[in-house]
Each structure stands twice: as structure tokens, then as C-alpha cells.
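*Asks:* All residue numbers for the sequence shown refer to this note's numbering, where the first residue is 7 and numbers rise by one. This is the structure, below, for whatever I ask next.
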Amino acid sequence: MEVDFISKFMDTKLTVMTNNPPLDHLAIIMDGNGRWAQKHGQPRVAGHQRGVETVVRVVDECVLQGIRFLSLFAFSSENWGRPRDEVDALMSLLLQFLASQRQRMLDDGVRLRVIGDLSRLSVPVQSALVDVEKETATGRNLTLILALSYGGRDEIMRAAKKIAQSALDGDLDINKLDNKTFSGFLDTGDIPEPDLLIRTSGEIRLSNFLLWQSAYAEFYFTDVLWPDFDAADLRIALEDYRKRKRRFGLTDDQLEDV
Ligand code: FPP
Numbered sequence: 007m008e009v010d011f012i013s014k015f016m017d018t019k020l021t022v023m024t025n026n027p028p029l030d031h032l033a034i035i036m037d038g039n040g041r042w043a044q045k046h047g048q049p050r051v052a053g054h055q056r057g058v059e060t061v062v063r064v065v066d067e068c069v070l071q072g073i074r075f076l077s078l079f080a081f082s083s084e085n086w087g088r089p090r091d092e093v094d095a096l097m098s099l100l101l102q103f104l105a106s107q108r109q110r111m112l113d114d115g116v117r118l119r120v121i122g123d124l125s126r127l128s129v130p131v132q133s134a135l136v137d138v139e140k141e142t143a144t145g146r147n148l149t150l151i152l153a154l155s156y157g158g159r160d161e162i163m164r165a166a167k168k169i170a171q172s173a174l175d176g177d178l179d180i181n182k183l184d185n186k187t188f189s190g191f192l193d194t195g196d197i198p199e200p201d202l203l204i205r206t207s208g209e210i211r212l213s214n215f216l217l218w219q220s221a222y223a224e225f226y227f228t229d230v231l232w233p234d235f236d237a238a239d240l241r242i243a244l245e246d247y248r249k250r251k252r253r254f255g256l257t258d259d260q261l262e263d264v
């Protein structure tokens, strides 16, 4: 059963599912590339290369599954602190990914969006991202959101600054600021909140990913390392999610009443 209602307790429109909840937005923390490389006696960058192949597989499977939004944590604000060689390798892989997948995205109706503090990325990376975002803007099947130079706290801080500026400019009445208005100032302003968040590699933490947006996300953790994660692993996670009952802070009795 699916019921839309405006909760008395939150100022958000909720879709409460008593079973088989809808999955519009899947978010993934792709973890374990380094450990995969170590396990196979290869340099860390080899793990990241295999990680990109997993990205391609997972995007394909999401299109097949009819998932409308896929967010991938590709490079965190903290990842800037990694050795220079590794940062450079990740940026090269990103450029190769954009060049090799551009046509495929267009063919499959995949739209690229990027979130994060993009000002820290190099000019060539920024312009490649902007180009592919523009080219794929009409993609209607799946929106692929790459979180790059992204941190949840940083995003919330940047939103708070924009809100303060807007109030100073007289464009925003601070007394009318609510969850919905605040969300609109985040990088994900026009993107629905994640329904399911998967983290690979056995680590059980959020690591500053989509902090605000994941308030009511369901979490799924798997020991599989990201380079080994395949369509079958994704389907197992989706099956697990479909058995969940999403309560959004309400009680079973209240859910039966709506
Ligand atoms: C975590 O593994 C992964 C990352 C920090 C980067 C993820 C990047 C990719 C999958 C490739 C680039 C992506 C795109 C979209 C082109 P880790 O290095 O922290 O692994 P470890 O915890 O085992 O060391």
C-alpha cells in the first residue's frame, strides 16, 4: 500500500509504504578499492581502475531496474589529503570515464549531475564535467549524480552561507525558513532524498556523505569490495530494501491510520 500525506510531525510530503517501498534514489559509498588492490598484490590505482568498471556495471543495472537517481561518492573533500599521485590518478580516471561513457550516457538516457565544491577541481576537470552535464541534460532515464570534492558538512555550510546572503539581500524571510527551503539551498536542491544508501567493503559509517539528505534513508552494508560488486550484489541489496518498512519516525498504528 502507498499513501502520500503531509505529516503532522514533519513539513515534508512523505510516501509511506507498508511494504515494497519505492526506490527513486539510490546512493552508494564505493569503498574498498585500495583493499582490493592490496589483496591482488597491485598498486592502489589498479583498485580504482577496477572501481570505474564497477561504476559502469552499476549504472547499467540501475537503468535496467528503472531507478531514477543514482548518487556515487566518487571523491570526498577529505580525499584531497591523499598522496598526490593517487589524487592525480583519480582525476585522470574521472576524465577517462567522462570521455569513454559520454556517448553511452546519451544512448541510454543517462543525465550527469555533479555535486560538491567544484571550485577545488582543476580547470580541465571542471570543464569536462560541465560539458557532459550540458550534453546529457535531456537524459530522462537515470540521473547519475557524482559527488566530487564533496563533504556533507561542507555542503551544509555552503547552503547556510547562501541562506544568510539571501536574507541579507532581503530575498529570504528567515522566519519562513523550514526544512524544505533549506534543502533547496543544498547542492541536491532539486533531487529527491536517497531512499537506500549502500556502502561496500564492510565499513559501517556515513563518512560525511549526504548527511542532511540521508535522515530517513535505509542503509545497507556489504562486505563485498567495490571492484568486486556486481549486478547480482546490487539486486540482493534491492531485495533487502524491498522488505523494509519505512516509518519516517511514526508508529505502526499511525501508519495504519493514514
Ligand atoms: C574508496 O576506496 C574509493 C574512493 C576514495 C574513490 C572512488 C573512486 C572510484 C570508484 C573511481 C573513480 C570514479 C569515477 C566515477 C570515475 P578506498 O581507496 O578508500 O579503498 P580502501 O578503503 O580499501 O583503501
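Even glycine gets a Cβ: it sits at the ideal position worked out from N, Cα and C. Since we're looking at a predicted model, the values are computed, not measured.
Please say whether Val116 and Val61 have beta carbons closer to each other than 9 Å?
*Replies:* As a position in the sequence shown, residue 61 is number 55, starting the count at 1. As a position in the sequence shown, residue 116 is number 110, starting the count at 1. No, they are not a contact pair.
*Asks:* With H, G and I counted as helix, E and B as strand and the rest as coil, what does DSSP make of His31?
*Replies:* Along the sequence shown, read from residue 1 onward, the residue named residue 31 stands at position 25. Strand at His31.
*Asks:* Less than 6 Å between C-beta atoms, sequence neighbours within five positions excluded: which residues of the same chain meet that for Phe191?
*Replies:* Stepping through the sequence shown from its first residue, residue 191 is reached at position 185. Ala165, Lys168 and Ile169.
*Asks:* Skipping 5 residues on each side, what residues in its chain have a beta carbon closer than 6 Å to that of His31?
*Replies:* For the purposes of this step, residue 31 is identified with residue 25 of the sequence shown, where counting begins at 1. Closer than 6 Å at the Cβ level, and outside the excluded window around His31, lie Phe75, Pro198, Pro200 and Asp201.
*Asks:* How would you call Ser207, buried or exposed, if buried means at least 16 neighbouring beta carbons within 10 angstroms?
*Replies:* Here residue 207 refers to the residue found at position 201 when the sequence shown is read from its first residue. Ser207 should be labelled buried.
*Asks:* Is Leu240 near the ligand FPP, with its Cβ less than 8 Å from a heavy atom?
*Replies:* If you number the sequence shown from 1, residue 240 lands on position 234. No, since every heavy atom of the ligand FPP falls outside the 8 Å radius drawn around the Cβ of Leu240.
*Asks:* Return the chain-ordered list of same chain residues with a C-beta closer than 7 Å to the C-beta of Ile180, the five sequence neighbours on each side being excluded.
*Replies:* The residue you call residue 180 lines up with position 174 of the sequence shown. So the qualifying residues of the chain are Ala173.
*Asks:* Whole angstroms are fine: how far does the CA of Gly255 sit from the CA of Asn26?
*Replies:* Numbered from its first residue, the sequence shown carries residue 26 at position 20. Numbered from its first residue, the sequence shown carries residue 255 at position 249. Spanning the two alpha carbons is a distance of roughly 18 Å.
*Asks:* Provide the residue span of the alpha helix (DSSP H) that contains Tyr156, from first to last.
*Replies:* What you label residue 156 is simply residue 150 of the sequence shown in a count that begins at 1. Note, Tyr156: premise wrong, no alpha helix (DSSP H); beta strand (DSSP E) at Leu148 to Tyr156.
*Asks:* Does the distance from the CB of Trp232 to the CB of Phe188 come in under 9 Å?
*Replies:* Working through the sequence shown from its first residue, we reach residue 232 at position 226. Working through the sequence shown from its first residue, we reach residue 188 at position 182. For Trp232 and Phe188, no; Cβs fall outside 9 Å.
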